[in-house]
Amino acid sequence: MLALMLLAAATASPAPEPKGTAVAASAAVIINSGSTNTAPYKIVVTPDGTARIQMQAVDTVTKTLSEATVKSFFSDIRAAMPLDAINMQPCMKSASFGTSTFVRFEAKQTPDLQCASGSAAERLSADVEKITAELGVNALRSFGAHPVHALQGPTPKPSA
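If you're matching positions, the sequence shown starts at 3 in my numbering and goes up one per residue.
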């Protein structure tokens, strides 16, 4: 029974987009389900490098990604199309602490990239890790169930 619950959590799909959160057709969306210790988040990335980060209990933040990161991400997405055909293998995850990560583009969505297999999935997983690091996304929850340092990044230099 426990194994079935873990497998169900590993293969779950994210919830549909809430009304009023339309995404431009040219944008790609990274979705992380969150867990007991991490907040769920969504990152909308546009080809011009704009990244809109939406995280539970944190105001939406917009940042800019490097040109190289964006170029690699969209190139890897196009090479992996159709995204819903990426190979997936069953993987065990903790029912409480496991998360699922998906990429959505042009009405297609990857399986959970943490359970996907093959070079396309590996490249997309690496892109997602690079994007979250570059944006300073840290979804760890504090004891108050709010993300801790949710959107870290370089501290702006004071103007002289």
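Yeah, the Cβ is synthetic: ideal placement off N, Cα and C, and Gly gets one too.
Query - Which of helix, strand or coil DSSP assigns to residue 134 - result: helix
**Report entry** Assumed close pair residue 86, residue 110 - CB separation to whole angstroms, cut-off 8 Å
**Finding:** 5 Å
Query raised in the report: Are residue 44 and residue 137 closer than 8 Å when you measure CB to CB?
Result: Taking 8 Å as the Cβ cut-off, residue 44 and residue 137 do not qualify as a contacting pair.
Query - residue 174 versus residue 59 - alpha carbon distance - result: Missing from the structure shown is residue 174; the chain here goes from 3 to 162 and no further.
Requested in this report: Could you check how far apart the C-beta atoms of residue 75 and residue 33 are, in whole angstroms? I think they sit under 8 Å.
Outcome: Between residue 33 and residue 75 the Cβ distance is about 14 Å, and since that is not below 8 Å, they are no contact.
Query raised in the report: residue 30 to residue 56, Cα distance in whole Å?
Result: C-alpha of residue 30 to C-alpha of residue 56: approximately 14 Å in a straight line.
Requested in this report: Determine the contact status of residue 112 and residue 35, defining contact as a CB-CB distance below 8 Å.
Outcome: no
**Report entry** Option in 68, 40, 41 and 42 with minimal Cα separation from residue 53
**Finding:** 68
Query raised in the report: What residue does the beta strand (DSSP E) around residue 78 start on, and which one ends it?
Result: Element bounds for residue 78: not the beta strand (DSSP E) but the alpha helix (DSSP H), 69-82.
Query - CA nearest to the CA of residue 92, picked from 107, 115, 82 and 77 - result: 115
Requested in this report: Check residue 61 in the structure and name its three-state DSSP category.
Outcome: strand
Query - C-alpha gap between residue 4 and residue 47, whole angstroms - result: Here the model assigns residue 4 a pLDDT of 38, short of 50, so the residue's position is not dependable, and the following value carries that caveat. It is roughly 36 Å from the alpha-carbon of residue 4 to the alpha-carbon of residue 47.
Query raised in the report: Of the choices 28, 135 and 127, whose alpha-carbon is the least far from that of residue 78?
Result: Here the closest residue by C-alpha is 127.
Requested in this report: Give the single residue among 49, 117 and 80 whose Cα lies nearest to the Cα of residue 89.
Outcome: 117
Report task. With DSSP collapsed to three states, give me the class of residue 30. Result -> Three-state DSSP puts residue 30 in a strand.
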